[in-house]
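I have placed the structure first, in the form of structure tokens, so that the comments after it can refer back to it.
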Amino acid sequence: MAITDKIYLKNHRQIASQLETSIPKSVFSGATLDLLFQGENLAQLNETTQERVLEFATDFLDCDCQSNPHCGHPEEKFIRYLLGLREQGLGPDAIVDVMGDDYMLYAYSGDVLSFLDDSVRTLEAVESLADVDERTEAADSARTKRRQLSR
Ligand SMILES: [Zn+2]
Numbered sequence: 000m001a002i003t004d005k006i007y008l009k010n011h012r013q014i015a016s017q018l019e020t021s022i023p024k025s026v027f028s029g030a031t032l033d034l035l036f037q038g039e040n041l042a043q044l045n046e047t048t049q050e051r052v053l054e055f056a057t058d059f060l061d062c063d064c065q066s067n068p069h070c071g072h073p074e075e076k077f078i079r080y081l082l083g084l085r086e087q088g089l090g091p092d093a094i095v096d097v098m099g100d101d102y103m104l105y106a107y108s109g110d111v112l113s114f115l116d117d118s119v120r121t122l123e124a125v126e127s128l129a130d131v132d133e134r135t136e137a138a139d140s141a142r143t144k145r146r147q148l149s150r
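The sequence shown: position 38 = 37 (numbering that gives the first Met the number 0), numbered continuously.
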């Protein structure tokens with residue numbers, strides 16, 4: 000399962016009761032995206048929640064794809080957001096805290112940790128493949144990214 004399947008709405012129960020419907024916990028579940036980002040549903044949420052939901056929409060759901068929000072870009076952007084926090088030197092617990100503050104989302108820090116480990120391993124693999132092929136630039140770029148994540 001991708002890390003984006005393990006990102007949850009922090010105030011899930013509250014949102015479900017404000018919308019008077021059941022809604023999946025996972026924010027990137029198709030049903031959640033459909034339910035949360037309909038204007039009339041949004042209006043039913045309290046102000047703080049609305050702000051965070053809108054913040055999330057602005058930051059991750061802003062592409063013009065016809066299949067938005069189901070085009071895959073929101074997940075890609077969220078992964079970049081997580082990696083960006085890591086590059087700033089944050090550990091899994093701090094990353095979970097920040098996504099809570101930014102978007103009222105949570106994840107288990109163990110899941111974030113394995114996601115970060117996997118990302119480092121993927122970059123290692125890219126690096127050694129590029130080295131074998133003597134693609135110096137690609138190898139260097141993977142190496143730099145890996146070091147940024149491993150600090
Ligand atoms: Zn898109």
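All C-beta atoms in this analysis are idealised placements derived from N, C-alpha and C, irrespective of residue type, glycine included. Bear in mind that the values here come from a model prediction, so they are computed numbers and not experimental data.
Residue i: buried (16+ other C-beta within 10 angstroms of its C-beta) or exposed?
i	result
T31	buried
Where residue i and residue j are concerned, what is the direct C-alpha to C-alpha distance, given to the nearest angstrom?
i	j	result
L84	R51	18 Å
V26	Y7	5 Å
E74	E133	32 Å
S140	A106	29 Å
S118	T57	25 Å
A138	F77	24 Å
D96	T3	16 Å
C62	H72	7 Å
Thinking residue i and residue j are a contact (beta carbons under 8 Å), I'd like their distance in whole angstroms, please.
i	j	result
R150	E126	16 Å between Cβ atoms; not a contact.
T20	L41	That belief does not hold up - the Cβ atoms of T20 and L41 are roughly 13 Å apart, past 8 Å.
May I ask you to report which of helix, strand or coil DSSP gives residue i?
i	result
Y107	coil
L60	coil
S21	coil
L8	strand
M0	coil
Q49	helix
Where does the unbroken alpha helix (DSSP H) through residue i begin, and where does it stop?
i	result
L41	38-41
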